[in-house]
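Novice:
In full-length UniProt numbering, the protein residues as written are 1 to 167.
(1) Sorted by chain position, which residues of the same chain lie with C-beta nearer than 8 Å to residue 170's C-beta, five sequence neighbours on each side aside?
(2) Taking residue 102 as the reference, which of 125, 167, 81 has the closest Cα?
(3) Measure how close the beta-carbons of residue 40 and residue 48 come, nearest whole angstrom, since I'm counting them as under 8 Å.
(4) Which term fits residue 150, buried or exposed, when burial requires 16 or more other beta carbons within 10 angstroms of its beta carbon?
(5) Is residue 118 helix, strand or coil when you go by DSSP?
(6) Which of helix, strand or coil does DSSP assign to residue 72?
(7) Assign residue 105 to buried or exposed, taking buried as 16 or more other Cβ atoms, counted over all protein chains shown, within 10 Å of its Cβ.
(8) Are the Cβ atoms of residue 140 and residue 147 separated by less than 7 Å?
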């Protein structure tokens, strides 16, 4: 398996040692929670592990089905509470366009991500979004608007799907 490319988008869409990628994100998540005085309960840990299984976003009911199959309960609050906790602590992101959740691959620090979402394979890449957010905030401020929250989600084709489509 090739080492991960330095570019986060290429890393998400390129073949790589995903177990190492997931283990690193889980280690960072545990360290972040310990520093905040919070912890991963078994359900929260399993939800994070499910989200880390691939570079894709999952809906709450997809997560709930997996939890139920593994004996964690089948009531929607089980999944929603765990997902809410993960988002609140910067360990997962909510993607508005997809009404879904994705594990944060950089939970060791606060950041403002932007997402690239492949419309063909549902692959997902998390990019540093701070430069885009700052530009948007400056443009908005010029018109007297104060930006409070931004979610940047770009739809398109990942390199593999673009190759298959001949683009």
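Glycine included, each C-beta is placed from N, C-alpha and C at the ideal position.
Since the structure is predicted, the reported quantities are computational estimates derived from the model, not experimental observations.
Specialist: Once the coordinates are examined:
(1) Absent from the model: residue 170. The displayed extent of the chain is 1 to 167, so no value can be given.
(2) Nearest of 125, 167, 81 to residue 102, Cα basis: 125.
(3) 7 Å
(4) So residue 150 counts as exposed.
(5) strand
(6) coil
(7) It is buried - the Cβ of residue 105 has at least 16 other Cβ atoms within 10 Å.
(8) A contact, by the Cβ cut-off of 7 Å.
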